[in-house]
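Please read the structure below before turning to the comments.
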Amino acid sequence: MLRGNALAKVDEKGRLKLPAVFRSIIEPRYGKGFFVTSFRGDSVHVYPMEVYTAFEERLVRSSHVEPLVNRLQDAVNYFGQSAEMDAQGRILIHPLLRMKAGISGEVAVIGKQNYLVVWNRETFEKRLDAEPLTDADMQELAALGF
0 MLRGNALAKV DEKGRLKLPA VFRSIIEPRY GKGFFVTSFR GDSVHVYPME VYTAFEERLV
60 RSSHVEPLVN RLQDAVNYFG QSAEMDAQGR ILIHPLLRMK AGISGEVAVI GKQNYLVVWN
120 RETFEKRLDA EPLTDADMQE LAALGF
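So for the sequence shown, numbering that gives the first Met the number 0 puts the first residue at 0; every next one is plus one.
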(Lines of atoms letter the chains of each structure in order from A and count residues from 1; the text may use other names and numbers.)
(Lines give C-alpha, C1' and ligand atoms only; values in the text may rest on other atoms or scores of the structure.)
Protein backbone atom coordinates (compact mmCIF):
# COMPACT_ATOMS: atom_id res chain seq x y z
CA MET A 1 0.00 0.00 0.00
CA LEU A 2 1.41 3.37 -1.04
CA ARG A 3 0.65 5.90 1.67
CA GLY A 4 2.09 9.05 3.11
CA ASN A 5 4.33 11.71 1.62
CA ALA A 6 7.99 11.73 0.72
CA LEU A 7 9.96 14.67 -0.53
CA ALA A 8 12.03 14.05 -3.64
CA LYS A 9 13.85 15.90 -6.38
CA VAL A 10 13.45 16.01 -10.12
CA ASP A 11 16.83 16.44 -11.78
CA GLU A 12 17.71 18.75 -14.69
CA LYS A 13 16.93 15.95 -17.17
CA GLY A 14 13.41 15.57 -15.78
CA ARG A 15 13.97 12.33 -13.92
CA LEU A 16 12.19 11.71 -10.63
CA LYS A 17 14.07 9.51 -8.19
CA LEU A 18 11.36 7.42 -6.56
CA PRO A 19 11.61 7.74 -2.79
CA ALA A 20 12.89 4.53 -1.21
CA VAL A 21 9.77 4.19 0.94
CA PHE A 22 7.65 3.84 -2.23
CA ARG A 23 10.19 2.07 -4.41
CA SER A 24 10.55 -0.73 -1.84
CA ILE A 25 6.84 -1.47 -2.25
CA ILE A 26 6.40 -0.83 -5.98
CA GLU A 27 9.38 -2.66 -7.47
CA PRO A 28 8.82 -6.10 -5.90
CA ARG A 29 5.07 -6.02 -6.51
CA TYR A 30 4.77 -4.26 -9.88
CA GLY A 31 8.22 -4.21 -11.46
CA LYS A 32 9.86 -1.29 -13.25
CA GLY A 33 7.22 -0.31 -15.83
CA PHE A 34 5.07 2.81 -15.35
CA PHE A 35 2.62 5.05 -17.11
CA VAL A 36 3.20 8.69 -16.17
CA THR A 37 0.34 11.09 -16.89
CA SER A 38 -2.07 13.70 -15.53
CA PHE A 39 -5.78 14.43 -15.62
CA ARG A 40 -5.49 18.23 -15.51
CA GLY A 41 -1.82 19.00 -15.89
CA ASP A 42 -1.48 20.37 -12.35
CA SER A 43 0.27 17.29 -10.97
CA VAL A 44 1.89 14.09 -12.21
CA HIS A 45 0.29 10.68 -11.71
CA VAL A 46 2.76 7.79 -11.63
CA TYR A 47 0.97 4.49 -12.17
CA PRO A 48 2.66 1.13 -12.03
CA MET A 49 1.85 -0.27 -15.49
CA GLU A 50 -0.34 -3.03 -14.02
CA VAL A 51 -2.47 -0.45 -12.20
CA TYR A 52 -2.74 1.81 -15.26
CA THR A 53 -3.69 -1.14 -17.48
CA ALA A 54 -6.66 -1.90 -15.21
CA PHE A 55 -7.72 1.78 -15.44
CA GLU A 56 -7.27 1.71 -19.21
CA GLU A 57 -9.43 -1.41 -19.50
CA ARG A 58 -12.24 0.53 -17.80
CA LEU A 59 -11.82 3.26 -20.41
CA VAL A 60 -12.02 0.72 -23.22
CA ARG A 61 -15.27 -0.73 -21.79
CA SER A 62 -16.85 2.73 -21.53
CA SER A 63 -18.76 4.52 -24.24
CA HIS A 64 -16.52 6.02 -26.89
CA VAL A 65 -19.15 8.62 -27.73
CA GLU A 66 -19.43 9.92 -24.16
CA PRO A 67 -17.83 13.40 -24.18
CA LEU A 68 -16.55 13.14 -20.61
CA VAL A 69 -14.79 9.84 -21.32
CA ASN A 70 -13.26 11.32 -24.47
CA ARG A 71 -11.95 14.34 -22.53
CA LEU A 72 -10.40 12.03 -19.96
CA GLN A 73 -8.77 9.92 -22.67
CA ASP A 74 -7.48 13.07 -24.39
CA ALA A 75 -5.92 14.35 -21.16
CA VAL A 76 -4.24 11.12 -20.06
CA ASN A 77 -2.88 10.48 -23.53
CA TYR A 78 -1.76 14.07 -24.16
CA PHE A 79 0.19 14.23 -20.91
CA GLY A 80 1.08 10.54 -20.70
CA GLN A 81 3.91 8.29 -21.67
CA SER A 82 5.27 4.94 -20.64
CA ALA A 83 8.38 5.02 -18.48
CA GLU A 84 10.83 2.44 -17.25
CA MET A 85 12.56 2.85 -13.90
CA ASP A 86 16.33 2.83 -14.31
CA ALA A 87 18.86 1.10 -12.05
CA GLN A 88 19.03 4.20 -9.82
CA GLY A 89 15.26 4.18 -9.28
CA ARG A 90 14.56 7.16 -11.57
CA ILE A 91 11.70 7.61 -14.00
CA LEU A 92 11.43 10.25 -16.70
CA ILE A 93 8.56 12.73 -16.61
CA HIS A 94 7.49 13.95 -20.05
CA PRO A 95 8.82 17.51 -20.66
CA LEU A 96 5.37 18.82 -21.60
CA LEU A 97 3.89 17.58 -18.33
CA ARG A 98 6.84 18.81 -16.27
CA MET A 99 6.41 22.29 -17.71
CA LYS A 100 2.61 22.36 -17.30
CA ALA A 101 2.72 21.11 -13.69
CA GLY A 102 5.77 23.14 -12.70
CA ILE A 103 7.65 20.00 -11.74
CA SER A 104 11.33 20.66 -11.10
CA GLY A 105 13.60 20.63 -8.12
CA GLU A 106 11.93 19.68 -4.84
CA VAL A 107 8.60 17.88 -5.17
CA ALA A 108 6.11 16.16 -2.88
CA VAL A 109 5.37 12.53 -3.76
CA ILE A 110 2.02 11.51 -2.30
CA GLY A 111 0.96 7.87 -1.94
CA LYS A 112 -2.53 7.14 -3.26
CA GLN A 113 -2.73 3.48 -2.25
CA ASN A 114 -1.79 1.96 -5.66
CA TYR A 115 -0.24 4.92 -7.50
CA LEU A 116 1.70 8.09 -6.73
CA VAL A 117 0.96 11.75 -7.33
CA VAL A 118 3.84 14.19 -7.70
CA TRP A 119 3.27 17.87 -6.96
CA ASN A 120 5.41 20.95 -7.06
CA ARG A 121 5.87 21.21 -3.31
CA GLU A 122 5.04 24.91 -3.07
CA THR A 123 1.92 24.52 -5.22
CA PHE A 124 0.72 21.58 -3.13
CA GLU A 125 1.21 23.40 0.16
CA LYS A 126 -0.67 26.44 -1.16
CA ARG A 127 -3.48 24.12 -2.30
CA LEU A 128 -3.68 22.54 1.16
CA ASP A 129 -3.89 25.99 2.75
CA ALA A 130 -6.47 27.27 0.25
CA GLU A 131 -8.68 24.15 0.35
CA PRO A 132 -8.58 22.75 3.90
CA LEU A 133 -10.98 20.06 5.02
CA THR A 134 -13.92 21.86 6.59
CA ASP A 135 -16.36 20.64 9.22
CA ALA A 136 -18.91 20.19 6.43
CA ASP A 137 -16.38 18.09 4.50
CA MET A 138 -15.80 15.96 7.58
CA GLN A 139 -19.55 15.40 7.99
CA GLU A 140 -19.84 14.39 4.32
CA LEU A 141 -16.90 12.01 4.71
CA ALA A 142 -18.54 10.52 7.81
CA ALA A 143 -21.73 9.95 5.81
CA LEU A 144 -19.61 8.11 3.24
CA GLY A 145 -18.26 5.87 5.99
CA PHE A 146 -14.89 7.50 6.68
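We put the beta carbon where it would ideally sit given N, CA and C, even for glycine.
Item, Value
"Considering only residues of the same chain and omitting the five flanking positions on each side of V106, which have a CB-CB separation below 8 Å?", "L6, A7, K8, V9, L15, V117, W118, N119, R120"
"Does DSSP classify A7 as helix, strand or coil?", "strand"
"Per DSSP, what kind of secondary structure is F34 in: helix, strand or coil?", "strand"
"Can you give me the start and stop residues for the beta strand (DSSP E) that Y46 sits inside?", "43 to 47"
"Would you grab the beta carbon distance between A82 and S37 for me? Rounded to a whole angstrom, and I think it's under 8 Å.", "The pair is not a contact, with the Cβ atoms about 13 Å apart (cut-off 8 Å)."
"Which residue marks the beginning of the alpha helix (DSSP H) containing V75, and which one marks its end?", "66 to 78"
"Under 8 Å, do V35 and G79 count as touching if we go by C-beta distance?", "yes"
"What three-state label does DSSP hand E83 in the structure shown?", "strand"
"Let me know the secondary structure DSSP gives L127 once reduced to three states.", "helix"
"Using the three-state DSSP reduction, which class does K99 fall into: helix, strand or coil?", "helix"
"By a C-beta neighbour count over all protein chains shown, 10 Å radius and 16 as the cutoff for buried, is M84 buried or exposed?", "buried"
"Suppose you measure from the CA of L143 to the CA of P131; what does that come to, to the nearest Å?", "18 Å"
"From what residue to what residue does the beta strand (DSSP E) around L140 run?", "Not the beta strand (DSSP E): L140 falls in the alpha helix (DSSP H), residues 134 to 142."
"Given that a residue counts as buried once 16 or more other Cβ atoms are within 10 Å of its Cβ, and exposed if not, what is L17?", "buried"
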